[in-house]
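At position 60 of the sequence shown the residue is numbered 587 (the numbering used here), and the sequence of numbers has no breaks.
Where a beta carbon is used, it is the ideal one built from N, C-alpha and C, also for glycine.
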Amino acid sequence: MSTRAIIGRTTGAEQQFRGIYSHSDGFPTWLGKSLWQTLHEQFNGDVKRFVREVITAHPGGWSVFGERCYCHEDGIKTAQPRMVFTDKNFAKGEDGSAEWLYIFDVKTRKLKLFIRNEFIPVVGVAWIYPPTKNNPQQTIVESR
């Protein structure tokens, strides 16, 4: 069974977002960790570039984040349907059966984690990442 998620960015007020579908391994211990590591190791913490290249450039969404997207095959863009979701879709119950929402705020440079389509921030989740080449400090990520 897949754990589906939406990876997106804020588009205005607190609960307004636009994101893409991610089919597999959407739980925080895998996708949350992968998003954070990719942001810091591959994009040097540049949230704006991360959003552009990981979310906007992949409107078909991800089968497995960072490995297989639905919109490119062997590096060539395909005609796969767009799997873009917004807060308006969620309000109508059109949520792609996503269990987790990962919403990046480019202005504040924060990642917000929500469970299901209830827009309830996840409280008490913490990840501790060891130092990396691009992030020499140990990082503790908490959701409040």
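Every unbroken alpha helix (DSSP H) inside the stretch 552-586 [4 residues or more] | 560-564, 574-577
Does DSSP put Phe617 in a helix, a strand or coil?
-> In the structure shown, Phe617 falls within a helical segment according to DSSP collapsed to helix, strand and coil.
Would you mind stating whether Ile630 and Thr530 have Cβ atoms separated by less than 8 Å?
-> no
Going by other Cβ atoms of all chains shown within 10 Å of its Cβ, with 16 needed for buried, is Ile655 buried or exposed?
-> Confidence at Ile655 is low in this model, with a pLDDT of 44, below 50, so the placement of that residue should be treated as unreliable; the coordinate-derived value is given next. Exposed, by the Cβ-count rule.
Coil, strand or helix - Arg531 by DSSP | coil
Are the stretch 617-625 and the stretch 593-602 touching, with three or more C-beta to C-beta distances below 8 Å?
-> no
Roughly how many angstroms separate the alpha carbons of Trp557 and Ile533, rounded to a whole number?
-> 14 Å
Can you tell which of Asp632, His550, Ile642 has the C-alpha that lies nearest to the C-alpha of Phe544?
-> Of the candidates Asp632, His550, Ile642, the one whose C-alpha sits nearest the C-alpha of Phe544 is Asp632.
Leaving out the 5 sequence neighbours to the left and right, which residues in its chain are closer than 7 Å to Gly593 when beta-carbon positions are compared?
-> Ser561, Thr565
By how many angstroms is the C-alpha of Trp627 removed from the C-alpha of Ile642?
-> 5 Å
What does DSSP give as the partner residues of His599 in its beta bridges?
-> Lys604
Identify, in the order they occur along the chain, each residue of the same chain with its Cβ nearer than 6 Å to the Cβ of Gly546, setting aside the five sequence neighbours on each side.
-> Ile533, Ile534, Gly535, Phe612
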